[in-house]
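Undergrad: My structure is below; once you've seen it, I'll send some questions.
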Amino acid sequence: MISNALKIRLDTFVDAIIAIIITIMALELPAASWSDHEHILSFFLAVAVYAVSFCFVANIWYQQATLFSTVDVIPRRVVLLEFLLTFLLSLVPPLTRLMSGDVENLSVMLYGALYLLITLVFRYITETVVHQQTDDKERMHQIYTSVYGQHNMENSFLLAALIILAFFLPWVAYVLYIIIPIRSFLTIDDDQRELTAIGDMEAAGQKTYLQMNHKQQERFRHLVGHYVRDTRRAQNDTAKKAAWNTFTQAVQTQVGIDPEQLSKWFQPNSRNAYHQDINQYRNSRRPKKTHDTTD
């Protein structure tokens, strides 16, 4: 493990690299005269690819910032993975320029391969950090898999299929590469919010959750995620209490868990109706690190 001070410096390093990457992508937008209509079309195509790359890189930054904010220390191997991640991200600008300049099968396939590789590396980083947050690593692994597993698998297969599609129909793959990152960007917080909420439940609640079938788990996670979102938006205690009542009634109706049981699972959260952000609650439960640790 590395110390909190070194983790902060790693965060700063990654932030700086990502800021430079986004700046380079913006500087590489074509600036030819619009007297020729072909230049206008080329410019807007380049902007579309830039938007895709921006959403993709910004999505990685936000997820990492959210992930690292929940822990004081991280495994040392994550540092090496972060260096690999930033190296791969640094390849986004040239491949963005390549694909926007010439939409052909090779350029789109290379962009897709980089997209897939970055996604897989970041997914491994996320899983590593999440698993080390609890002593019961097996249960946390099951929770992580229930939240991200099917989504990750579907996303990986989709990206791999797009690489194959780009060989035959590069323009179709090109358009899909524009849609997918923007969609992910707009739903950036959903999975992380659900994972945080389920991970903060009492152990008995987590065990009951893991015994549910897939559809029940999915419905329960969504209800919990909506509850956390509503309490964050609530302006006063009355609104927070109303969010809790709405949540418990929905869970009882749709999943069959009574409010009294939920109150036990989410204590002390239910008594306070999430008066504070759920990440602040997690930090308050975690013992403070007062010295550096090594592997």
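When we follow our numbering, the leftmost residue of the sequence shown carries the number 494, and every step to the right adds one. Each residue gets a CB set at the ideal place from its N, CA and C atoms; glycine is no exception.
(1) With a threshold of 16 other CB atoms inside 10 Å of the CB of Arg570, please say whether the residue is buried or exposed.
(2) At what residues does the alpha helix (DSSP H) containing Leu574 begin and finish?
(3) Excluding the 5 residues flanking Ile510 on each side, which residues of the same chain have their C-beta closer than 6 angstroms to its C-beta?
(4) Should Ile501 go down as buried or exposed, given a rule of 16 or more other Cβ atoms within 10 Å for buried?
(5) Excluding sequence positions up to five away, which residues of its chain have a Cβ less than 7 angstroms from the Cβ of Glu620?
(6) So the candidates are Val744, Met494 and Pro586; which of them puts its Cα closest to the Cα of Asp565?
(7) Considering only their Cβ atoms, is the gap separating Val550 from Ile514 smaller than 8 angstroms?
(8) Are the beta-carbon atoms belonging to Arg712 and Val748 less than 8 angstroms from one another?
(9) Does the count of Cβ pairs from the stretch 597-612 and the stretch 662-676 closer than 8 angstroms reach three?
(10) If we call anything under 8 angstroms between Cβ atoms a contact, is Glu575 one with Val507?
(11) Counting C-beta neighbours from all protein chains within 10 Å, is the total for Gln728 16 or more, i.e. buried, or is it exposed?
(12) Would Glu647 be called buried (16 or more neighbouring beta carbons within 10 Å of its own) or exposed?
(13) For Val507, is the beta carbon positioned less than 7 angstroms from some heavy atom of the ligand ATP?
(14) Just to confirm before moving on: does the CB-CB distance between Leu610 and Leu655 stay below 8 angstroms?
(15) Where does Ile495 fall in DSSP's three states?
(16) Have a look at Thr739 and Ser677 and give me their C-alpha separation to the nearest angstrom.
(17) For Arg764, is the classification buried or exposed, using 16 other Cβ atoms within 10 angstroms of its Cβ as the cut-off for buried?
(18) Around the Cβ of Pro761, are there at least 16 other Cβ atoms within 10 angstroms (buried) or fewer (exposed)?
(19) Using a threshold of 8 angstroms, state whether the C-beta atoms of Val596 and Ile675 are closer than that.
(20) On the three-state DSSP scale, how would you describe Asn706?
(21) If you scan the stretch 647-706 from start to end, which runs of the alpha helix (DSSP H) of 4 or more residues do you find wholly inside it?
(22) Hey, how far is the Cα of Phe759 from the Cα of Phe537?
(23) Looking at C-alpha atoms only, which residue of Thr689, Thr505 and Gly605 is the closest neighbour of Thr563?
(24) Considering only the beta carbon of each residue, do Pro568 and Met518 sit closer than 8 angstroms?
(25) Compute the Euclidean distance between the alpha carbons of Thr516 and Lys757, then round it to the nearest angstrom.
(26) Looking only at its chain, what residues have a beta carbon closer than 7 angstroms to the beta carbon of Ala736, apart from the 5 residues adjacent to it on each side?
(27) So, is Ile533 buried or exposed, given that buried needs 16 or more other C-beta atoms within 10 angstroms?
(28) Give me, in chain order, the residues of the same chain whose beta-carbon lies closer than 6 angstroms to that of Ala743; leave out the 5 immediate sequence neighbours on both sides.
(29) Buried or exposed for Asn552, going by 16 or more other Cβ atoms inside 10 Å?
TA: Taking the definition as stated:
(1) Position 77 of the sequence shown, counted from the first residue, corresponds to residue 570. Exposed.
(2) The count along the sequence shown starts at 1 and reaches residue 574 at position 81. From DSSP, the alpha helix (DSSP H) with Leu574 extends over Arg569 to Ser583.
(3) Residue numbering aside, residue 510 sits at position 17 when the sequence shown is read from its first letter. Taken in chain order, the residues that qualify are Thr579.
(4) Along the sequence shown, read from residue 1 onward, the residue named residue 501 stands at position 8. Its Cβ having fewer than 16 others within 10 Å, Ile501 is exposed.
(5) Start at 1 with the first residue of the sequence shown, and residue 620 comes out as number 127. Hits under 7 angstroms: Tyr637.
(6) Indexing the sequence shown from 1 puts residue 565 at position 72. Residue Met494 is the option with its Cα nearest to Asp565.
(7) As a working note, residue 514 is residue 21 in the sequence shown. As a working note, residue 550 is residue 57 in the sequence shown. Yes, they are a contact pair.
(8) In the sequence shown, counting from the first residue as 1, residue 712 sits at position 219. In the sequence shown, counting from the first residue as 1, residue 748 sits at position 255. Cβ distance < 8 angstroms, so Arg712 and Val748 count as in contact.
(9) yes
(10) The sequence position of residue 575 within the sequence shown is 82, counting from 1. The sequence position of residue 507 within the sequence shown is 14, counting from 1. Cβ atoms of Glu575 and Val507: closer than 8 angstroms.
(11) Here residue 728 refers to the residue found at position 235 of the sequence shown. Per the 10 Å Cβ criterion, exposed.
(12) Indexing the sequence shown from 1 puts residue 647 at position 154. It is exposed - the Cβ of Glu647 has fewer than 16 other Cβ atoms within 10 Å.
(13) Because no ligand of any kind appears in the structure shown, any question about the ligand ATP cannot be addressed here.
(14) Here residue 610 corresponds to residue number 117 of the sequence shown, with the count starting at 1. Here residue 655 corresponds to residue number 162 of the sequence shown, with the count starting at 1. Against a cut-off of 8 angstroms, the Cβ pair of Leu655 and Leu610 comes out as no contact.
(15) For the purposes of this step, residue 495 is identified with residue 2 of the sequence shown, where counting begins at 1. It is a strand residue.
(16) Locating residue 739 in the sequence shown gives position 246, where the first residue counts as 1. Locating residue 677 in the sequence shown gives position 184, where the first residue counts as 1. C-alpha separation (whole angstroms): 28 angstroms.
(17) Here the question's residue 764 lines up with position 271 in the sequence shown. Residue placement at Arg764 cannot be trusted, given a pLDDT of 40 that sits under 50; what the coordinates show is reported in the next sentence. It is exposed - the Cβ of Arg764 has fewer than 16 other Cβ atoms within 10 Å.
(18) Against the sequence shown, residue 761 aligns to sequence position 268. Bear in mind that a pLDDT of 46 at Pro761, under 50, signals an unreliable position, so the number given afterwards is only what the model happens to contain. So Pro761 counts as exposed.
(19) In the sequence shown, residue 596 corresponds to position 103, counting from 1. In the sequence shown, residue 675 corresponds to position 182, counting from 1. In this structure, Ile675 does not lie closer than 8 angstroms to Val596 by Cβ.
(20) Translated into the one-based positions of the sequence shown, residue 706 becomes position 213. In the structure shown, Asn706 sits in coil (DSSP, three-state: anything other than H, G, I, E or B).
(21) 663-679, 683-692 and 696-704
(22) Residue mapping note: residue 759 aligns to position 266 of the sequence shown, counting from 1. Residue mapping note: residue 537 aligns to position 44 of the sequence shown, counting from 1. In a straight line, the C-alpha of Phe759 is about 49 angstroms away from that of Phe537.
(23) Residue numbering aside, residue 563 sits at position 70 when the sequence shown is read from its first letter. If we check each option's Cα against that of Thr563, Thr689 comes out closest.
(24) Translated into the one-based positions of the sequence shown, residue 568 becomes position 75. Translated into the one-based positions of the sequence shown, residue 518 becomes position 25. No, Cβ-Cβ distance for Pro568 and Met518 is not below 8 angstroms.
(25) Translated into the one-based positions of the sequence shown, residue 516 becomes position 23. Translated into the one-based positions of the sequence shown, residue 757 becomes position 264. Their Cα atoms are separated by approximately 49 angstroms.
(26) To locate residue 736, count along the sequence shown from 1; it is residue 243. Same-chain partners within the cutoff: Tyr720, Asp723, Thr724, Ala727 and Ala766.
(27) The residue you call residue 533 lines up with position 40 of the sequence shown. Looking at its Cβ environment, which holds fewer than 16 other Cβ atoms inside 10 Å, Ile533 is exposed.
(28) Looking up residue 743 in the sequence shown gives position 250. Correct list, in chain order: Leu716.
(29) Start at 1 with the first residue of the sequence shown, and residue 552 comes out as number 59. By the 10 Å Cβ count, Asn552 comes out buried.
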